[in-house]
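K.L.:
Sharing a structure with you now.
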Amino acid sequence: MTRYVAQRLAMMVGILFGVLTVTFALSRVIPSSPVETMLGHRPSPEQIEAARQMLGLDRPLYEQFILFLGDAVRGDFGISLRTGQPVTEDIFDRMTATFELTTLAVILVILIGIPLGVLSAVRRNTMLDHSARGLSIAGVALPVFLIGMLLQMAFYGGLGWLPLQGRIGAEILLDYPFERVTGLYIVDTALAGQWTAFGSALNHLALPVLTLSIACLAIITRVTRNMMVEVLGEDYIRTARAYGLPQRVVYFRYALKATLIPMLTVIGLTYGFLLGGSVIVEFVFDWPGLGGYVVGAITKNDFPAVMGVTLFLATMYLTINLIIDLAYYLVDPRLRAS
Amino acid sequence: MKIFKKVGLGLLTLAVAASWAFAPGAQAAKNTVTYAMYGDVKDWDPSIAFSLEVMMLANVYEPLLWYNPPGSETQFTPALATSWSVSDDGLAWTFKLREGVKFHDGEPFNAAAAKASIERTRAMKKGAYYIWAAVDRIEAPDEHTLVIRTKEPTPIDLIASSQYGAYIFSPKAAEKGTEWFNQGNAAGTGPYKVRQWAKGQQVVLEKNPDFWGGWTDKNFDRVILRIVTENATQVQMLKSGEADFISLVPADAVATLDKEEGISAYAIPSWKNSQFLINTQKPPTDNKKFRQALTHLWDYEAVVRDIYAGHAEVARGAIPATMWGHNDKISPQKFNIEAARKLLADSGVPQKDWKITMAYIGASEEYKNSALLFQEKARQVGVEVELLPGEWGTIWSNAKKLETAPNLQSMTWWPTYPTPNDWLIGLFRTEEKALFNLSHYANPAYDKLVDDATSLEGSDRAAAIAKYAKAQQILVDDAVAIFYADIKTRIARRSNIEGLQVNPAYNAVFFYRVNRVQ
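Going down the list, the sequences are from chains A and B. Going letter by letter, the first sequence gives residues 218 to 555 in the numbering used here. Going letter by letter, the second sequence gives residues 19 to 536 in the numbering used here.
Encoded structure:
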């Protein structure tokens, strides 16, 4: 077990090095002009030269790479050309926003998707199964920005129940101060006992979380259903039924358990993907997260930010994968035995 | 099974229900105005800021003078200077400064502070520092007098009203340095103080109770600059009244928005103009007749009407029509295929060489569509146009070097401070190494004309204008660019906002001067 973890960690370092090398190479090969981006709309030749030197762009490529690696190992990705702030700080600020959004979305997806999948499997080919399928397909088929905008139009424009954009009400952020302990607004406001701010944060989460959940619901529901259908045909389920165990126990204690491994994989991959991939939702709802940050960085050739975020996301993704693999040990006694 | 249905439904409604459970209670009523910005403030340091920051700067800081919008009775409104004069030789500008003014950090405003601000901006060599290039030295003979001495006659009154690089800030703040500013700090003398910066979310300004201009009940207490990156979202916020102003107004949305109850949307002239600079050194556009032919292949009316949705005017020369010094005797260049055909034939350029390249910012729909239209018109007379869309930094780098420069280069320009020489020198004066003169135009007679005019700007503005007028005509005669559009600014706001006077000299709303009609 320990050896396995050590192996995986070593592999992670290798992969991350690869990711760094490729992103570095790409960012220097693509014709671009980061300096002009940084300096704004009318830089003088002296300013351009000074900025090139500051960024080390006047040095040979291999030297730039070594310098970059040295800084990266120390967690220093330099200053973002676009925001003028340290990239590491930017990432931390924005990561917590993304984390809050995607974690809640994944929880919602699990809470709805798994029971829905089980139900569809149990009541195969009934109205319920068909509507669940219809719903999931719609969630996948509709572009995320469309779902987001439809929800905005309904709940903000039409009903006026929920806020349109942002993480918290503008004046609430001002009038109900709370300390940033975790960076998660619903946690920080609760810790500070600022319930008005807590409510506002929760309100602002509703639509983006819902949008993201709808977009990811399908895969979890479908995987659960298909696995369940398979498992429900197994002999041990028939035996359990023959013993006269309550249906609830049969489905959730015996059948669902057998689907956990593929389920964990799907949930893990979805989560990892969402951490970097909620770009569109963040854009539609002006969520100040990593997604919006990375898009801005890419379009403006802000290479320190692109490198920083790429490495960060790769690390997150690999870590989640590792955790999932370790979780297999927990849920599958056969693996523990070997 | 029922239990799961309940869980599902329950969760879906929980989010909505929370809105009532935690609805904010009645707050102290603040008179708040909200502006939807499309990007965050980057450079907080007033010596460096050179972009979107002007929305914050113009409300938090003050220069010595404000420039008045075209059509005003006087050219300036006194800000931190109450009166000013220039010596007969045009080399010494004396400003009497406002007394009893304090910076937001409590430091007194005086001549030493004004001198220190301008000197710091010059020394930092960042942003718009170059506007002060002609300054020789700055003196503070007494607490409330500032003397700016220049190497040659220079319009310091105009420069002091620049939207960038001319703000006066607390010397204590300057000591703390750029890093302190970039944490969202400011210390100006303006009507609003920076109260909060939530990165990527909002900047909140709150009234400075000590502002020398005083306060009435009608003034806004709070200004929220909310970051909203998407135009559909901005429009929804404007419709609901959550935003009073929006910054992204799609050209085709102006008319529909204006019909909405409670919203006013319109377009008014700005000092931004767009042109395609024609390379005067690279064949075949080094040939004047060939260049003139190109200016006749541009369908000016169609571009402005259809591509810019009417939110632009056909340009007449290099200077926007509402800018002082514009030569209104210049007639607009004309779309005329026959004239182009004749000029091409007369040019002496063999037809096999009628091939040109055209570079523009690919992300701009307006450039792209205008270029496509031009390409088609040119094809009709046998000129082959190769389109080179790209990202600004890249196309700019290419255009600076003659070897990689295109024949036609897109350029949208606006002045840092209100002067026609910003275009006439910035874009067209001879440059040893091209920076923005991407026509690579070199004409000593023209250079002398604009240099002379510049030195007359401060002392004899009428004489300066006459010289600028000549210079503009030369540019048109030499066909150094396809001057095609004076761009209008699109405004969309709640109709109950009153007192808004849009000033092309500043890309900002002066929130102190507007209020909400009850």
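We put the CB at the ideal spot given by N, CA and C, even for glycine.
Alpha carbon to alpha carbon, how far is residue 342 of chain B from residue 485 of chain B? Give it in angstroms, no decimals.
P.N.:
Approximately 13 Å between the Cα atoms of the pair.
K.L.:
Is it true that the CB of residue 384 of chain A sits closer than 8 Å to the CB of residue 314 of chain A?
P.N.:
Yes. Within cutoff.
K.L.:
Step through the CB atoms of chain A and report whether any lies within less than 8 Å of the CB of residue 42 of chain B.
P.N.:
Note that residue 42 of chain B has pLDDT 45, beneath the 50 cutoff, so the model's placement of it is unreliable and no number is given.
K.L.:
Per the contact definition of three or more C-beta pairs closer than 8 Å, is the stretch 327-343 of chain B in contact with the stretch 470-490 of chain B?
P.N.:
The answer is yes - the stretch 327-343 of chain B touches the stretch 470-490 of chain B, with three or more Cβ pairs under 8 Å.
K.L.:
How many angstroms separate the CA atom of residue 497 of chain A from the CA atom of residue 321 of chain A?
P.N.:
Answer to the nearest angstrom: the Cα atoms are 17 Å apart.
K.L.:
At the level of alpha carbons, what is the spacing between residue 473 of chain B and residue 364 of chain B?
P.N.:
Approximately 40 Å, taken between the alpha carbons.
K.L.:
Taking the Cβ atom as the reference point for each residue, do residue 481 of chain A and residue 545 of chain A lie within a distance shorter than 8 Å?
P.N.:
For residue 481 of chain A and residue 545 of chain A, yes; Cβs fall inside 8 Å.
K.L.:
Taking only three categories from DSSP, how would you classify residue 41 of chain B?
P.N.:
Low confidence applies here, because residue 41 of chain B scores a pLDDT of 46, under 50, leaving its location unreliable; read the following figure in that light. Coil, per DSSP.
K.L.:
How about residue 263 of chain A: is its C-beta nearer than 8 Å to some C-beta of chain B?
P.N.:
Closer than 8 Å to some Cβ of chain B, the Cβ of residue 263 of chain A qualifies, so yes.
K.L.:
Assign residue 381 of chain A to one of two classes, buried (16 or more other C-beta atoms within 10 Å of its C-beta) or exposed (fewer than that).
P.N.:
Per the 10 Å Cβ criterion, buried.
K.L.:
Using Cβ-Cβ distances below 8 Å, what residues of the stretch 253-282 of chain B are close to chain A?
P.N.:
Of all residues in the stretch 253-282 of chain B, 254, 255, 257, 258 and 260 have a Cβ within less than 8 Å of some Cβ in chain A.
K.L.:
Going along the stretch 368-386 of chain A in order, which residues come within less than 9 Å of chain B, judged by CB to CB distance?
P.N.:
Within the stretch 368-386 of chain A, the residues whose Cβ lies closer than 9 Å to some Cβ of chain B are 369, 370, 372, 373, 374, 376, 377, 378, 379, 380, 381, 382, 383, 384, 385 and 386, listed in chain order.
K.L.:
Could you give the distance in angstroms between the alpha-carbon of residue 93 of chain B and the alpha-carbon of residue 86 of chain B?
P.N.:
Distance between the alpha carbons of residue 93 of chain B and residue 86 of chain B: 5 Å.
K.L.:
Taking residue 398 of chain B as the query, report the chain A residues whose CB atoms sit under 9 Å from its CB, ordered along the chain.
P.N.:
Per Cβ cutoff of 9 Å: no residues; residue 398 of chain B is ~33 Å from chain A at best.
K.L.:
Using C-beta distances below 7 Å, list every residue in its chain close to residue 537 of chain A, excluding the 5 sequence neighbours before and after it, in chain order.
P.N.:
So the list reads 485, 488 and 489, once near-sequence residues are dropped.
K.L.:
Using three-state DSSP, classify residue 46 of chain B as helix, strand or coil.
P.N.:
Low confidence applies to residue 46 of chain B: its pLDDT is 48, below 50, so where it sits in the model is not reliable, and the reading given next is rough at best. If DSSP states are grouped into helix, strand and coil, residue 46 of chain B belongs with coil.
K.L.:
Starting from residue 394 of chain B, find everything on chain A with Cβ-Cβ shorter than 7 Å and list it in chain order.
P.N.:
What residue 394 of chain B touches in chain A: nothing, since even the nearest Cβ is about 28 Å away.
K.L.:
When you check each C-beta in the stretch 199-214 of chain B against every C-beta of chain A, which residues fall closer than 8 Å?
P.N.:
Going along the stretch 199-214 of chain B in chain order, one finds 200, 213 and 214 with a Cβ nearer than 8 Å to chain A.
K.L.:
Which one or two residues does DSSP pair with residue 284 of chain B in a beta bridge?
P.N.:
Per DSSP, B:509.
K.L.:
Would the stretch 427-434 of chain B count as touching the stretch 289-296 of chain B if we require 3 or more Cβ pairs under 8 Å?
P.N.:
Segments in contact, yes.
K.L.:
Any idea if residue 264 of chain A is buried or exposed, counting beta-carbon neighbours within 10 angstroms, 16 or more meaning buried?
P.N.:
The residue is buried, with at least 16 neighbouring Cβ atoms inside 10 Å.
K.L.:
Mind pulling the chain A residues with CB within less than 8 Å of residue 247 of chain B?
P.N.:
500, 503 and 509, listed in chain order.
K.L.:
Is it the case that the Cβ atoms of residue 72 of chain B and residue 526 of chain B are separated by a distance below 8 Å?
P.N.:
Against a cut-off of 8 Å, the Cβ pair of residue 526 of chain B and residue 72 of chain B comes out as a contact.
K.L.:
Out of A:478, A:455 and A:479, which has the shortest C-alpha to C-alpha gap to residue 468 of chain A?
P.N.:
If we check each option's Cα against that of residue 468 of chain A, A:455 comes out closest.
K.L.:
Against chain A, does residue 7 of chain B count as a neighbour if the rule is that its beta carbon must be under 8 Å from one of theirs?
P.N.:
Residue 7 of chain B lies beyond the residue range present for chain B, which begins at 19 and ends at 536; the question has no answer from this structure.
K.L.:
Would you verify that the beta carbon of residue 216 of chain B is, or is not, closer than 8 Å to some beta carbon of chain A?
P.N.:
For residue 216 of chain B, the answer is yes, since a Cβ of chain A falls inside 8 Å of its Cβ.
K.L.:
Taking residue 403 of chain A as part of the alpha helix (DSSP H), name the residues at either end of that continuous run.
P.N.:
Here the alpha helix (DSSP H) through residue 403 of chain A covers 402-409.
K.L.:
Applying a beta-carbon distance threshold of less than 9 Å, which residues of chain B neighbour residue 300 of chain A?
P.N.:
Neighbours of residue 300 of chain A on chain B, chain order: 58, 60, 217 and 218.
K.L.:
Ignore the nearest five residues each way along the sequence and tell me which others in residue 78 of chain B's own chain have a CB closer than 8 Å to its CB.
P.N.:
Excluding sequence neighbours, residue 78 of chain B sits near 122, 204, 206, 208, 210, 211, 212 and 223.
K.L.:
Just curious, the beta strand (DSSP E) that residue 299 of chain A is in, first and last residue?
P.N.:
Per DSSP, residue 299 of chain A belongs to no beta strand (DSSP E) and is neither H nor E.
K.L.:
Can you confirm whether residue 378 of chain B, when its beta carbon is compared against all beta carbons of chain A, has any partner nearer than 8 Å?
P.N.:
No, residue 378 of chain B does not count as interfacial toward chain A.
K.L.:
Quick one: complete beta strand (DSSP E) runs, 3+ long, within the stretch 106-188 of chain B?
P.N.:
Complete beta strand (DSSP E) runs here, min 3: 110-115, 153-160 and 163-168.
K.L.:
According to DSSP, residue 210 of chain B sits in a beta bridge with which residue or residues?
P.N.:
DSSP, once it has assigned bridges, lists B:225 as partnering residue 210 of chain B.
K.L.:
At a Cβ threshold of 8 Å, is residue 411 of chain B touching chain A?
P.N.:
So yes, residue 411 of chain B belongs to the interface.
K.L.:
Nearest chain A C-beta to residue 50 of chain B closer than 8 Å, yes or no?
P.N.:
At least one chain A Cβ lies under 8 Å of residue 50 of chain B.
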